[in-house]
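Protein sequences, first through last, are from chains E and W. Start counting the first sequence at 1; every next residue gets the next number (the working numbering). Start counting the second sequence at 114; every next residue gets the next number (the working numbering). Report on the structure given below.
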Amino acid sequence: KAGVTQTPRYLIKTRGQQVTLSCSPISGHRSVSWYQQTPGQGLQFLFEYFSETQRNKGNFPGRFSGRQFSNSRSEMNVSTLELGDSALYLCASSLVSMNTEAFFGQGTRLTVV
Amino acid sequence: AQSVTQLGSHVSVSEGALVLLRCNYSSSVPPYLFWYVQYPNQGLQLLLKYTTGATLVKGINGFEAEFKKSETSFHLTKPSAHMSDAAEYFCAVSESGSNYQLIWGAGTKLIIKP
Numbered sequence: 001k002a003g004v005t006q007t008p009r010y011l012i013k014t015r016g017q018q019v020t021l022s023c024s025p026i027s028g029h030r031s032v033s034w035y036q037q038t039p040g041q042g043l044q045f046l047f048e049y050f051s052e053t054q055r056n057k058g059n060f061p062g063r064f065s066g067r068q069f070s071n072s073r074s075e076m077n078v079s080t081l082e083l084g085d086s087a088l089y090l091c092a093s094s095l096v097s098m099n100t101e102a103f104f105g106q107g108t109r110l111t112v113v
Numbered sequence: 114a115q116s117v118t119q120l121g122s123h124v125s126v127s128e129g130a131l132v133l134l135r136c137n138y139s140s141s142v143p144p145y146l147f148w149y150v151q152y153p154n155q156g157l158q159l160l161l162k163y164t165t166g167a168t169l170v171k172g173i174n175g176f177e178a179e180f181k182k183s184e185t186s187f188h189l190t191k192p193s194a195h196m197s198d199a200a201e202y203f204c205a206v207s208e209s210g211s212n213y214q215l216i217w218g219a220g221t222k223l224i225i226k227p
């Protein structure tokens, strides 16, 4: 079966701009989580959506937002980009929760210049 | 608050040697424990997990881990390292009945010397 698909794979944006990243989970998976990965901070949890509702949220500013559609596809948006937002953004999907097996996409590499 | 500590940001072993990656956690209740692997420019992939039952867990690619409650540890081992094992390894924990989220360790980069 198809894995988790994240688009785009690479993105270069300018400070102050906004960006939208997309994640298509494995068919049948209802939970989608987003992570920011940087060399200095490791894996930082952004938020989790389950059946179109945000179920959990990490400690990120309000510039980071997300949503989930009825087909479980998810998007995350970052507004007013800062240089420090440069990172690999990973999406993970699971049937019900991250307590079971989570499947990760390859990530979107965002570079803010 | 829960935390996960992975000892050593980088571990270097020779090909054919034993691999030992350390993970200690803090948890007030029996946890779920996971090891994930990340190859360069890839997402993370589940290696193995412990939820309940047998404390020695076998995973993919010849890896295994043992849950030791008294030591609050979940160390990852492989008897004989292969060049293809070079990757970053993450330990994660979630308390059963929690809000389902995982607490992640900082990761350990495994380097295999020929």
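Where is the CB? At the ideal position from N, CA and C, for every residue including glycine.
Hey, is residue i's beta-carbon within less than 8 Å of any beta-carbon in chain E?
i: W:Ala219; result: yes
i: W:Ser207; result: yes
i: W:Leu138; result: Sequence check: residue 138 of chain W is Tyr here, not Leu. It does not; no Cβ of chain E falls within 8 Å.
If distances are taken between C-alpha atoms only, which option among the options comes closest to residue i?
i: W:Leu157; options: W:Ile225, W:Trp217, W:Pro144; result: W:Trp217
i: E:Pro25; options: E:Leu46, E:Gln106, E:Arg15; result: E:Gln106
i: W:Asn174; options: W:Thr165, W:Leu161, W:Val206, W:Lys181; result: W:Leu161
i: W:Gly121; options: W:Ala219, W:Pro227, W:Ile225, W:Lys226; result: W:Ala219
i: W:Leu134; options: W:Ile225, W:Thr221, W:Ala194, W:Gln115; result: W:Thr221
i: W:Ala117; options: W:Tyr145, W:Thr164, W:Thr190; result: A small fix is needed here, since residue 117 of chain W is Val in this sequence, not Ala. It is W:Tyr145 whose Cα lies nearest to the Cα of W:Val117.
i: W:Thr165; options: W:Lys181, W:Gln155, W:Asp198, W:Pro153; result: W:Lys181
Give me the Cβ distance between residue i and residue j, rounded to the nearest whole Å; I'm assuming they're in contact under 8 Å.
i: W:Ser186; j: W:Cys136; result: 7 Å
i: E:Val21; j: E:Met76; result: Checking the sequence shown, residue 21 of chain E turns out to be Leu, not Val. Rounded, the Cβ-Cβ distance is 5 Å, consistent with contact.
i: E:Arg9; j: E:Thr100; result: That pair is no contact at about 27 Å.
Is residue i near residue j, with beta carbons less than 8 Å apart?
i: W:Glu201; j: W:Gln119; result: no
i: E:Gln18; j: E:Ala87; result: no
i: E:Ser83; j: E:Arg30; result: The sequence given here has Leu at residue 83 of chain E, not Ser. For E:Leu83 and E:Arg30, no; Cβs fall outside 8 Å.
i: E:Phe69; j: E:Glu48; result: no
Note the first and the last residue of the continuous beta strand (DSSP E) segment covering residue i.
i: W:Glu177; result: 177-181
i: W:Val150; result: 144-151
i: E:Gly66; result: 64-68
i: E:Gly42; result: 42-50
Using 8 Å as the limit for Cβ to Cβ distance, is residue i near chain W?
i: E:Ala102; result: yes
i: E:Gln54; result: no
i: E:Glu75; result: no
i: E:Gln106; result: yes
i: E:Leu110; result: no
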